[in-house]
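Chains as they are written, first to last, in the numbering used here: chain A, 1 to 179; chain D, 1 to 117.
Even glycine gets a Cβ: it sits at the ideal position worked out from N, Cα and C.
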Amino acid sequence: MKDLLRLRTSLSEEIEALLNEQIKTEAYSSAVYLSMASWCNRNGFDNSASYLEKQSYEEREHMMKLFRFVNDMGGHAISPEITNIPQEFESFRSVFEIALQQEISVTAQFNRMADRCFKAKDFMTFQFIQWFLKEQIEEEYVARRVLELFDVIGEEGTGRWEIDKHIPKVHYDGGESAK
Amino acid sequence: MQKKLSSQLIEVYKTQHGGVYQCNTKNAFCLEFGNSRSFFKISDFLNFIKKINGIDIAEMAKNTSRHADIAIVMPHYTERCFVLTITDVINLREIVNGAKFMLQLNSILRECMTTLV
């Protein structure tokens, strides 16, 4: 009998569901970063607001990359419903603590997906998400370094103003500076 | 051994209440249920299976109001409107889930045979 299931899509139902879950996670991250940008803007942290807006845009790009992959592979990419976006944050520091926790959670999700792809022998999808795993090295590094600024500079006096000034300068060079 | 109903339809799964057949000419599935036939493209068929599996039978059984006695499924990709009692839902679930299992089995067997060759 002709294999119509396989003709339709290269993705198994399980992997397609995982990819759609990841699409939702990236969309959620994007929305949270945008909310953080708004909070920073309202509280006078302009540089952080711009940095977080840029992060929001990047997360959306990640989402679109996954979205297009699912459709390109003959699957059904689902436009995600996003709810429960926090609008208020306890403090300037807590914004970046939540950002780091979010990145750690995204990394864990990609690791689980890589594991499932490997077990299901879906090496096409496994190869596709290598890009995201590499990207997460940068995301976690930057989120962690930003949080460390709070310890290094301190929040007393003009500390928060200094931290806000330094945040956009944090970037990951992939270890190139060690050469 | 798969039965061919006609030169076009191959039986995928059948029960006393109906069956699913694959049409290799149209690359579509034919669902026979309740004395009528509906044709689905593969992605629409999988979507239809999700809708049927998503019907809350326990709620239908628990709820004493008259509107809970039937479930209406009106997928936009078919002209047919499915008006189902609890028994219909159970019978239809058996047919579509059985068909899905057979299709997945067919995929696995084809992959094994391709690897061997």
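Alpha helix (DSSP H) runs wholly inside the stretch 5-61 of chain D, at least 4 long, in chain order: 42-53
Per-residue DSSP class, three states only, for F89 of chain A: coil
V170 of chain A in three-state terms, based on DSSP: coil
Neighbour list for K2 of chain A in chain D, Cβ cutoff strictly below 8 Å: Q22, N24, N27
Where I70 of chain D sits in the DSSP three-state scheme: coil
Whether L95 of chain D touches T85 of chain D by CB criterion (7 Å): The sequence given here has Ile at residue 95 of chain D, not Leu. Cβ atoms of I95 of chain D and T85 of chain D: not closer than 7 Å.
Reference A37 of chain A; option with closest CA among A:I85, A:M73, A:E21: A:I85
Buried versus exposed call for I108 of chain D [16 or more other C-beta atoms within 10 Å across all chains shown]: exposed
Close beta carbons around V146 of chain A, own chain, < 6 Å, minus the five adjacent residues each side: F96, I167, V170
F110 of chain A beta carbon less than 7 Å from that of F132 of chain A: yes
CB contact below 7 Å: M1 of chain D versus chain A: With a pLDDT of 43 at M1 of chain D, under the threshold of 50, the modelled position of that residue is not reliable, and the figure given next carries that caveat. No, M1 of chain D lies away from the interface with chain A (no Cβ there is under 7 Å from its Cβ).
Cβ shell of I82 of chain A (< 7 Å), same chain only, five flanking positions each side left out: A27, Y28, A31
Between the CA atoms of A99 of chain A and L5 of chain A - distance to the nearest angstrom: 40 Å
Status (buried if at least 16 other CB within 10 Å, exposed otherwise) for K100 of chain D: buried
Alpha carbon of N92 of chain D to alpha carbon of T25 of chain A, nearest angstrom: Reading the sequence as shown, one finds Leu at residue 92 of chain D and not Asn. Roughly 34 Å separates the two Cα atoms.
Alpha-carbon spacing of S12 of chain A relative to D46 of chain A, whole angstroms: 45 Å
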